[in-house]
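I have placed the structure first, in the form of structure tokens, so that the comments after it can refer back to it.
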Amino acid sequence: MIKLDDVHFAYGQAKPIVQGVSLSVTRGQVVAVMGPSGCGKTTLLRLVAGLLRPSEGQATLLGAPLPYDNAQALREVRKKMGMLFQFGALFTDMSVFENVAFPLRENTKMGFEEIRAQVMSKLTAVDLADAEGKMPSEISGGMARRVALARAIAQNPQIMLFDEPFTGLDPIAMDTIAQLIRQQTNELNAASIVVSHDVQETFAIADYVYVMHQSKMIAEGTPAELWASEEPFIKRFIHGRHALDAGKVVV
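At position 90 of the sequence shown the residue is numbered 85 (the numbering used here), and the sequence of numbers has no breaks.
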């Protein structure tokens, strides 16, 4: 479903942001891309979404290379994606209902009743059916993130991309979003990528994890495999201040 082969990216002659990255995601799988801030995670997600073009290497989605030179074909591929942006990125002048309905109105020929049924189905899936008439300013941050998730799944996407979905949420809201990501990936049989630096929530739902550092992929494995890793950087990233070796923090 999603495959990157030796992908590199840099803006012009600037320092590379992504160097030699390869990964794959299959249907029904939640794959996490983790690492410290500034390591290239979000850029990698933009490469998968076709928002950026690799300097080298190839991105393949749904069995075919991304058609960068064909705007209409690229648009058709993106219609099969759902993306949850960092902090949700809701339209502040639209109600909850209108936010979720937006991609259906833009990308489909569905009529009013079909759109209403689909929107309410997705709001029900994230337990927000009663909030359809509210504005973003009238709901909590956790609720806003659930609205954004409902919008991301409105078209029953085959590919779902999540950019730091847990940032700024309290622990209860974080857990709710994490479980919804897992649930919707299963229900839609989608291929999902979660970009995050939140170890606990991400490990709880991920089938496989890639770790980036300084623009490169430095480790991969199941959450259990990475949790048990003795590699110093991985150990410190995952366990933080608890990664102690003879009384000293591993660096």
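Yeah, the Cβ is synthetic: ideal placement off N, Cα and C, and Gly gets one too. Small disclaimer: the values here were computed from a predicted structure and weren't measured.
1) Between the Cα of PHE92 and the Cα atoms of ALA27, ALA145 and GLY15, which residue gives the shortest distance?
2) Below 8 Å on the Cβ atoms is my contact criterion, and I expect MET76 with ILE154 to pass it. Report the Cβ-Cβ distance as a whole number of Å.
3) Taking the CB atoms as reference points, tell me whether ALA84 and ALA168 lie closer together than 8 Å.
4) Taking one C-beta from the stretch 46 to 59 and one from the stretch 96 to 112 each time, how about it: are there three or more such pairs within less than 8 Å?
5) Per DSSP, what kind of secondary structure is GLN150 in: helix, strand or coil?
6) Would HIS192 and SER32 be called neighbours here (beta carbons separated by less than 8 Å)?
7) Specify whether the stretch 114 to 122 and the stretch 63 to 70 touch according to this definition: at least 3 beta carbon pairs, one from each stretch, less than 8 Å apart.
8) What does the alpha-carbon distance come out to for the pair PRO227 and THR197?
9) Chain D beta carbons: is any one of them nearer than 8 Å to that of THR119?
10) Please list, in chain order, all residues of the same chain as ILE110 whose beta carbon is under 6 Å from its beta carbon, the five residues on each side excluded.
Let me lay it out:
1) ALA145
2) 5 Å
3) no
4) no
5) coil
6) Yes, Cβ-Cβ distance for HIS192 and SER32 is below 8 Å.
7) no
8) Straight-line measurement puts the Cα of THR197 at about 20 Å from the Cα of PRO227.
9) Considering every chain present, this structure includes no chain D. It has just one protein chain.
10) Once the five neighbours on either side are set aside, the close Cβ partners of ILE110 are ALA96 and LEU99.
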